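So for the sequence shown, the numbering used here puts the first residue at 67; every next one is plus one. Quick reminder that beta carbons are idealized off the backbone N, C-alpha and C, glycines included. Just so you know, these numbers come straight off a predicted model, no measurement behind them.
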Amino acid sequence: MDGCVFCRIAAGEVPARVLLADDEVVVFHDVAPRAPTHLLVIPRRHIASLAVATPDDAALLGHLLRTAAEAARVAGIADSGYRVVTNTGPGAGQSVFHLHFHVLGGRALGWPPG
Ligand code: AMP
């Protein structure tokens, strides 16, 4: 989608520290990490948020979550524990309106999140 920074990262038009990628998804390091390891898992295809995902997106959503787990393994935080979260809507803190799952780890994580 024109003007979407995550579409542009997926297309290689905006630089990012990419950890993993395949035909459907890209994993890269968050530019403003909130934990020692902070990754973002995105679909290449533009979906604004989880709220507008459709039944046709079910396989892609599953692939995104499985990729989040694989990214945690590759980043070395699988054994110590990590959190996967997607902020949905401005009230929940979503600031980039291209679906993404945060993968956070490398420190103790409080619950509930603020
Ligand atoms: P959210 O606020 O949940 O929508 O998460 C968006 C995340 O994207 C934030 O944690 C930002 O730090 C991160 N972010 C925004 N632009 C970039 C970028 N160009 N490269 C990497 N991470 C980014």
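Would you say the beta carbon of residue i is closer than 7 Å to some non-hydrogen atom of ligand 1?
i: H112; result: no
i: F167; result: no
i: G86; result: Going by the sequence as given, residue 86 is Leu instead of Gly. For ligand 1, not one heavy atom lies less than 7 Å from the Cβ of L86.
i: A134; result: no
i: V71; result: yes
i: V240; result: No answer is possible for residue 240: it lies beyond the span of the chain, which begins at 67 and ends at 180.
i: V97; result: yes
Would you kindly work out how many angstroms separate the C-alpha atoms of residue i and residue j, rounded to a whole number?
i: N153; j: G147; result: 20 Å
i: A135; j: V91; result: 13 Å
i: R166; j: T133; result: In the sequence on display, residue 166 carries His and not Arg. Rounded to whole angstroms, H166 to T133 spans 12 Å at the Cα level.
i: L131; j: G172; result: 19 Å
i: I108; j: A137; result: 12 Å
If you check the beta carbons only, do residue i and residue j fall under 8 Å apart?
i: L170; j: R83; result: no
i: V71; j: V162; result: yes
Next on the checklist: For the pair the stretch 136-145 and the stretch 111-122, tell me if three or more CB-CB distances fall below 8 Å.
Outcome noted: no
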